[in-house]
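Accompanying notes for the structure given below.
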């Protein structure tokens, strides 16, 4: 979960805390599942970061569906 309350799936991670983290946003800040996942790159310039992990099964997320 991001600070913005959006929920995403990390698809790639760099060495820093947020530098180089690629993810796909699956749920918007209101908890609505997006029709099309939004690719996003987190970096130190963004005012958003990962604040919590989310159990994919509790949200009905099939992780394999989102990995290339």
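Residue numbers (the numbering used here): 155 to 222.
A virtual CB, placed ideally from N, CA and C, is assigned to each residue, including glycine.
C-beta atoms of residue 204 and residue 175 nearer than 9 Å: The residue given as residue 204 occupies position 50 in the chain shown. The residue given as residue 175 occupies position 21 in the chain shown. Contact: yes.
8 Å contact criterion, which residue 178 and residue 193 should meet: CB distance rounded: Numbered from its first residue, the chain shown carries residue 178 at position 24. Numbered from its first residue, the chain shown carries residue 193 at position 39. About 6 Å separates the two Cβ atoms, so the contact holds.
Helix, strand or coil at residue 212 [DSSP, three-state]: Walking along the chain shown from the start, residue 212 turns up at place 58. Looking at residue 212 - three-state DSSP - the assignment turns out to be helix.
Exposure label - residue 164; buried when at least 16 CB within 10 Å: Here residue 164 refers to the residue found at position 10 when the chain shown is read from its first residue. Its Cβ having fewer than 16 others within 10 Å, residue 164 is exposed.
Residue from 196, 202, 191, 190 with nearest C-alpha to residue 159: As a working note, residue 159 is residue 5 in the chain shown. Nearest option by C-alpha distance: 202.
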